[in-house]
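Going line by line, the protein sequences match chains E and X. The opening position of the first sequence corresponds to residue 245 in my numbering, with each subsequent residue numbered one higher. The opening position of the second sequence corresponds to residue 245 in my numbering, with each subsequent residue numbered one higher. For each residue, glycine too, the CB sits at the ideal point set by N, CA and C. Below is one structure, written out as structure tokens; the observations come after it.
There are 2 protein chains.
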Amino acid sequence: MSEDGVEAERTREQGAGPTALDVARAARVSRIMVSRAFNPEASVRADKRQHILDVAAGLGYHPDMAARAMVTRRSNLVAVVVSTLANPWEAQEIDALTAVLQEDGLAVLVFRMEHKSRFQFNFAHIRAYRPAAVIAYMDDLKPQQLRRAFGNSPAIYPVYGIHPPHEHDEHMVDRLHVEQHEGIANAVRLLAGTGRKRLLYVRGEGAASDIDRMMALEEALAEYRIDFEGAIEGNFDYATTRAAVNNYWRRERQPDAIFAANDTSAFGAIDALRFDLGVSVPQQCAVIGFDNIREAAWQAYNLTTIGVDLQERVQALRRIVAARAADSQARSMVETIRARLVVRGTA
Amino acid sequence: MSEDGVEAERTREQGAGPTALDVARAARVSRIMVSRAFNPEASVRADKRQHILDVAAGLGYHPDMAARAMVTRRSNLVAVVVSTLANPWEAQEIDALTAVLQEDGLAVLVFRMEHKSRFQFNFAHIRAYRPAAVIAYMDDLKPQQLRRAFGNSPAIYPVYGIHPPHEHDEHMVDRLHVEQHEGIANAVRLLAGTGRKRLLYVRGEGAASDIDRMMALEEALAEYRIDFEGAIEGNFDYATTRAAVNNYWRRERQPDAIFAANDTSAFGAIDALRFDLGVSVPQQCAVIGFDNIREAAWQAYNLTTIGVDLQERVQALRRIVAARAADSQARSMVETIRARLVVRGTA
Chain E
245 MSEDGVEAER
255 TREQGAGPTA
265 LDVARAARVS
275 RIMVSRAFNP
285 EASVRADKRQ
295 HILDVAAGLG
305 YHPDMAARAM
315 VTRRSNLVAV
325 VVSTLANPWE
335 AQEIDALTAV
345 LQEDGLAVLV
355 FRMEHKSRFQ
365 FNFAHIRAYR
375 PAAVIAYMDD
385 LKPQQLRRAF
395 GNSPAIYPVY
405 GIHPPHEHDE
415 HMVDRLHVEQ
425 HEGIANAVRL
435 LAGTGRKRLL
445 YVRGEGAASD
455 IDRMMALEEA
465 LAEYRIDFEG
475 AIEGNFDYAT
485 TRAAVNNYWR
495 RERQPDAIFA
505 ANDTSAFGAI
515 DALRFDLGVS
525 VPQQCAVIGF
535 DNIREAAWQA
545 YNLTTIGVDL
555 QERVQALRRI
565 VAARAADSQA
575 RSMVETIRAR
585 LVVRGTA
Chain X
245 MSEDGVEAER
255 TREQGAGPTA
265 LDVARAARVS
275 RIMVSRAFNP
285 EASVRADKRQ
295 HILDVAAGLG
305 YHPDMAARAM
315 VTRRSNLVAV
325 VVSTLANPWE
335 AQEIDALTAV
345 LQEDGLAVLV
355 FRMEHKSRFQ
365 FNFAHIRAYR
375 PAAVIAYMDD
385 LKPQQLRRAF
395 GNSPAIYPVY
405 GIHPPHEHDE
415 HMVDRLHVEQ
425 HEGIANAVRL
435 LAGTGRKRLL
445 YVRGEGAASD
455 IDRMMALEEA
465 LAEYRIDFEG
475 AIEGNFDYAT
485 TRAAVNNYWR
495 RERQPDAIFA
505 ANDTSAFGAI
515 DALRFDLGVS
525 VPQQCAVIGF
535 DNIREAAWQA
545 YNLTTIGVDL
555 QERVQALRRI
565 VAARAADSQA
575 RSMVETIRAR
585 LVVRGTA
């Protein structure tokens with residue numbers, strides 16, 4: 245919150261309730277100090293801050309983000325765009341992200357986008373809040389679409405993508421790049437080391453991360469001489485995967501390893517094998533997931549998986565948001581983090 | 245979005261970029277129609293809406309929520325206050341809530357409050373956004389605190405609480421009341437019917453819902469002549485519960501039924517019994533959870549639990565938010581919904 249924000253507010257509030265100046269007088273501090281007390285980024289002694297907030301609460305004063313956003317032409321809002329918050333990966337990520345952004349004085353606006361037909365409508369809604377950043381967790385939303393949707397606003401766009409940065413879209417959007425090839429190669433090496441010969445991939449079609457993941461997988465399988473039996477559609481989802489594994493098993497040659505595009509679909513595969521098909525995991529079929537969500541450590545699954553440290557992820561996003569706020573004209577930024585194999589009981 | 249909001253925007257935007265009027269002229273519609281096209285609540289033919297949004301995007305026009313909030317003194321933001329988003333219950337609830345509120349043209353601001361020492365600071369931050377409603381999912385935040393924190397703002401406060409409405413705080417806050425006694429009584433009747441004699445409760449101390457849940461449980465246990473062996477602390481958490489059940493089992497007389505304050509702690513109890521203690525579920529010990537989160541249907545747990553239908557919950561909250569928006573002076577509102585027993589494999 246800038247000093248000009250406070251200035252705007254003072255003007256607005258004349259005759260319309262207590263002002264920052266009223267708080268300053270009552271608390272016997274400067275008006276700048278009142279502004280600092282309400283700014284999470286400003287360092288203020290804890291007891292002094294508490295005193296000012298108490299006095300402000302007593303007077304019924306509060307700063308007004310709407311007034312500030314009008315003056316600064318930028319809000320303190322970060323728009324987070326998801327297709328669902330209900331999956332563990334999204335929930336755990338956005339929880340941790342909200343925590344670090346709050347420390348920087350930013351608040352998280354959640355937008356749920358489900359139907360492509362509504363994208364334009366949703367974009368208009370999001371733009372109306374003048375977000376300081378837009379973080380898109382939607383694999384089927386392309387950087388170009390984001391760029392077109394938010395190109396005229398001061399928003400920034402770290403995309404949680406897995407593609408390496410390409411020359412031709414260097415100026416497109418800021419992105420978080422997850423380097424997953426090494427983690428996947430290590431997982432395949434582990435499978436080869438335990439004598440696995442035939443692997444089935446449970447994919448989430450339409451997602452950019454899925455294509456990159458499958459390419460990395462095919463490469464590693466060739467290197468370690470494991471047959472790639474093909475892919476079935478799991479939609480990153482427990483029930484879809486469970487049904488698909490059941491179907492596949494009854495029709496096709498049976499693999500001795502399954503690699504799933506995320507942990508939730510790995511759980512569906514494990515339950516299909518153990519409870520529906522009577523196949524023991526990992527003895528008869530190994531299962532490896534992706535993400536390392538908390539539930540992967542639950543003993544009933546105890547899933548071997550590939551994951552990126554959650555704090556590493558959200559701190560990288562936080563750096564992009566801060567860097568973009570400091571220089572809106574800078575060339576697009578890329579932070580790269582590495583996915584690692586986490587060995588548990590299913591492979 | 246009201247017409248006066250558009251009016252304010254027009255005034256503000258003179259000489260500062262395209263206006264709603266410019267869009268109206270280019271799209272050959274009225275200015276009111278432009279406003280309606282951007283208002284999710286207004287019924288507008290889909291192709292007409294799309295045309296207007298396309299024209300607006302072409303001109304680089306977007307409505308400005310900050311300007312609107314200044315004029316109307318109320319934002320279209322609903323602040324959702326949680327201690328964490330990372331747990332399945334919160335994630336699934338807020339996902340569904342965000343979807344229905346978006347249909348009403350509202351956007352969800354998520355605030356994560358963890359440390360009591362920061363409550364005042366967080367309240368000030370939330371107030372600054374002039375939320376149209378504050379929905380508190382924090383069991384350790386009392387209605388009185390909410391009232392004090394947001395009493396001077398036009399915010400409203402549906403609290404997701406389980407307490408029945410009390411006479412003396414009728415004017416305190418709007419609330420969603422979950423009637424859970426019948427569901428708990430049915431669960432205990434099921435346990436009695438399968439000959440269970442001694443029950444252990446896994447609680448989440450400090451939560452209002454926990455106290456009500458334990459009272460309902462004790463009542464039902466007395467009625468069905470099952471011994472209440474006491475309570476252990478599970479903190480609504482997998483790992484805490486798993487360790488606590490392990491500890492309890494090695495020290496105390498062993499119960500033949502466990503009732504956990506939420507599903508996630510029930511999973512911790514099941515894994516402690518099966519994998520750490522070699523106790524079969526449900527043969528040697530039944531386990532019942534609370535919430536009926538999606539994961540309760542995963543076959544590895546297949547949990548018998550007590551739950552409130554998710555759509556019922558969020559539609560009730562949506563009604564409170566709408567009713568409060570229509571009449572900010574109305575007496576506090578209470579919506580009551582019922583928790584029901586869902587029988588699966590653990591009891």
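- Within its own chain, the residues whose Cβ lies closer than 6 Å to the Cβ of X/G512, once the five positions on either side in sequence are excluded, are Y482, T485, R486, listed in chain order.
- Of all alpha-carbon atoms in X/L443, X/D456, X/R447, the one lying nearest the alpha-carbon of X/R469 is that of X/L443.
- For the pair E/R392 and E/I564, the Cα-to-Cα distance works out to about 20 Å.
- About 6 Å separates the CB atoms of X/V299 and X/V267; that is less than 8 Å, so the two are in contact.
- Rounded to whole angstroms, X/V586 and E/G522 show a C-alpha spacing of 26 Å.
- With respect to E/R582, E/E426 sits close: the two C-beta atoms are nearer than 8 Å.
- If you ignore the 5 residues before and after E/A460, its C-beta comes within less than 8 Å of the C-beta of Q424, H425, I428, A429, all in its own chain and listed in chain order.
- For E/Q388, the closest C-alpha among the options E/E347, E/A376, E/V403 is that of E/V403.
- A distance below 8 Å between beta-carbons, with the five flanking residues on each side excluded, links X/S509 to the following residues of its chain, in chain order: V446, G448, G478, N479, F480, D481, Y482, T484, T485, G533.
- Cβ-Cβ separation between E/A505 and E/D454: approximately 5 Å, consistent with a contact (criterion under 8 Å).
- Residue contact check for X/D535 against chain E: no CB pair falls below 8 Å.
- Spanning the alpha carbons of E/G349 and X/V378 requires a straight line of approximately 19 Å.
- Annotation for X/R563: the continuous alpha helix (DSSP H) segment containing it runs 554-570.
- According to the DSSP assignment, E/T580 belongs to the beta strand (DSSP E) that extends over 578-582.
- Taking a beta-carbon distance threshold of 8 Å, X/A286 does not count as an interface residue toward chain E.
- If you check the CB distance, E/N320 and E/A351 come in under 8 Å.
- Among the residues facing chain X, E/D384 is not included, as its CB has no counterpart in that chain under 8 Å away.
- Under a criterion of Cβ atoms nearer than 9 Å, no residue of chain X is adjacent to E/Y381; the nearest Cβ is some 13 Å distant.
- For the region 315-337 of chain X, the residues whose beta carbon sits under 8 Å from a beta carbon of chain E are, in order, S319, L321, T328, L329, A330, N331, P332, E334, A335, Q336.
- Sequence-ordered contacts of the region 431-460 of chain X with chain E are nonexistent [C-beta pairs closer than 9 Å].
- When C-alpha distances from X/I296 are compared across E/F365, E/V326, E/L265, the shortest belongs to E/F365.
- Neighbourhood of X/F480 in chain E, by CB distance below 8 Å: empty, with the nearest CB roughly 13 Å away.
- Secondary-structure assignment with DSSP links E/A504 through a beta bridge to E/V446.
- In the three-state reduction of the DSSP assignment, X/L517 falls in the helix class, which pools H, G and I.
- Under the Cβ criterion of 8 Å, E/D515 is counted among the residues facing chain X.
- A residue is called buried once 16 or more other Cβ atoms fall within 10 Å of its Cβ, and X/G304, having fewer, is exposed.
- Note: E/E477 is bridge-paired with E/R447 in the DSSP secondary-structure output.
- Rounded to whole angstroms, the gap between the alpha carbons of E/W542 and E/F394 is 40 Å.
- As the crow flies, the alpha-carbon of E/D571 is around 15 Å from that of E/L561.
- The CB of E/T580 never comes closer than 9 Å to any CB in chain X; the least such distance is about 25 Å.
- Within the region 528-561 of chain X, contact with chain E at the beta-carbon level (separation under 8 Å) is assigned to R538, E539, W542, Q543, A544, Y545.
- In the DSSP assignment, the residues bridged to E/F355 are E/V325.
- Within its own chain, the residues whose Cβ lies closer than 6 Å to the Cβ of X/L517, once the five positions on either side in sequence are excluded, are V523, V525, C529, listed in chain order.
- Counted as a single uninterrupted DSSP element, the beta strand (DSSP E) harbouring E/D535 occupies residues 530-535.
- For a Cβ distance threshold of 8 Å, nothing in chain X lies close to E/Y404: the least Cβ distance comes to about 16 Å.
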